[in-house]
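One structure is given here, and the rest of the page talks about it.
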Amino acid sequence: MNSSEQSDDSGKENGSGVPSNQQQPAKKRAPKKKDRNAKNFIESEEFFGRQFISSKDLPNPTESLALLATGVIEVIAGTRQVDQLSRYLTDGVYQSLQNKAKQAQQYREENGIKAHHQKFSVGHMRQNSPRDGVVESVVILNGVKRNRAVTIRLEGINHRWRATALSVL
Numbered sequence: 001m002n003s004s005e006q007s008d009d010s011g012k013e014n015g016s017g018v019p020s021n022q023q024q025p026a027k028k029r030a031p032k033k034k035d036r037n038a039k040n041f042i043e044s045e046e047f048f049g050r051q052f053i054s055s056k057d058l059p060n061p062t063e064s065l066a067l068l069a070t071g072v073i074e075v076i077a078g079t080r081q082v083d084q085l086s087r088y089l090t091d092g093v094y095q096s097l098q099n100k101a102k103q104a105q106q107y108r109e110e111n112g113i114k115a116h117h118q119k120f121s122v123g124h125m126r127q128n129s130p131r132d133g134v135v136e137s138v139v140i141l142n143g144v145k146r147n148r149a150v151t152i153r154l155e156g157i158n159h160r161w162r163a164t165a166l167s168v169l
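Numbering (the numbering used here), first residue to last: 1 to 169.
Printed below as a string of structure tokens:
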């Protein structure tokens, strides 16, 4: 009887040169990674990233400017939440406005001043368009005790006007 015909496996070779009772377990294969559908990551950025829009495809910015200017003053005064304006602000402008509102609130708390609603009306608005899809403006707000100037830079991003720069004078 030759070794391959014996029924006893102990210590016998299985043809690979390794005794069958000492055979190593089969190696597990790593799962194959699925290919992503995006063939070009630049193309995916075009679909899901910022999309700058021409001025002719956007509404008149006058309403957005007036709303933002009064809203920013109300946020700093403590009578409006920053979240209410988040739709019109880029992330950086949102963060800086939120920080300014916190500073103003701390100042009011330290000096015992209550937040109260201030009535402002839009007095004068000046707009300039340095390029298509961008509007830079100054909005003068007239109040009972004082006037405020708010400078705003709007850019057409993702089919709406969004403030990319903002300051209160």
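For every residue, glycine included, the Cβ atom is placed at its ideal position computed from N, Cα and C.
In the structure shown, the three-state DSSP call for I113 is coil. For L68, the uninterrupted alpha helix (DSSP H) run begins and ends at 61-77, by DSSP. If you draw a straight line from the Cα of Q84 to the Cα of H116, it is about 18 Å long. Using a Cβ distance threshold of 8 Å, R148 and F120 count as a contacting pair. The beta carbon of E74 is closer than 6 Å to those of R80 in its chain, skipping five residues each way along the sequence. Looking at the DSSP output, R146 shares a beta bridge with no other residue. Annotation: W161 to P61 spans about 7 Å, alpha carbon to alpha carbon. When beta bridges are read from the DSSP output, S137 appears opposite Q127, I152.
With respect to the 8 Å criterion, A163 and L169 are not classified as neighbours on the basis of their beta carbons.
For the 8 Å CB-CB criterion, S55 and D132 form a contact.
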